[in-house]
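What the sequence shown shows, in the working numbering, is residues 503 to 627, in sequence order.
Presented below is the structure to which this report refers.
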Amino acid sequence: MERQVPGSIVVIGSMSGAIVNVPQPQAPYNAAKAAVRHLAASLAVEWAHAGIRVNCISPGYMLTALTQKILNDNPDLERTWTSLIPQGRMGLPQDLMGPVTFLLSDASSYMTGADLRVDGGYTVT
Numbered sequence: 503m504e505r506q507v508p509g510s511i512v513v514i515g516s517m518s519g520a521i522v523n524v525p526q527p528q529a530p531y532n533a534a535k536a537a538v539r540h541l542a543a544s545l546a547v548e549w550a551h552a553g554i555r556v557n558c559i560s561p562g563y564m565l566t567a568l569t570q571k572i573l574n575d576n577p578d579l580e581r582t583w584t585s586l587i588p589q590g591r592m593g594l595p596q597d598l599m600g601p602v603t604f605l606l607s608d609a610s611s612y613m614t615g616a617d618l619r620v621d622g623g624y625t626v627t
């Protein structure tokens, strides 16, 4: 902002910031991700005058090295999660590339304060 150069920031939240996940108890995680969403919205308003856009990507269940370890220890959990996702699969890290690129580009120049969920439809059911 000191340079007075417009820009775009994308923060990574989680669908867990907008819903209560089942079956696992994770209230602290959900609250932290809700805070990320709200921080993005607040900064979007506060920094809009400087030409800085702030948006949030909220992934759903993503198949990463960390989640793979959890699923290896809890094989029923993957079936449970997948059964709740309308697209019938967990996301992959590369599924976030398009949405993040869009939010960082001029194609989204009139978007700020948005929370873009990338969750295979989980939160619309």
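Using N, Cα and C, we set each Cβ at its ideal position, and we do this for glycine too.
- In this structure, DSSP gives I559 an extended state, which the three-state scheme calls strand.
- Counting along the chain, V512 sits inside no alpha helix (DSSP H); it lies in the beta strand (DSSP E) bounded by residues 509 to 514.
- With a 10 Å radius around the Cβ and a threshold of 16 neighbouring Cβ atoms, N574 comes out exposed.
- Our two residues, A520 and Q528, have alpha carbons roughly 13 angstroms apart in a direct line.
- At a Cβ-Cβ threshold of 8 angstroms, I554 and G509 count as neighbours.
- Here I521 is not bridged, per DSSP, to any residue.
- Straight through space, the alpha carbons of L579 and D608 are spaced by roughly 39 angstroms.
- Per DSSP, the unbroken alpha helix (DSSP H) holding R581 starts and ends at 577 to 585.
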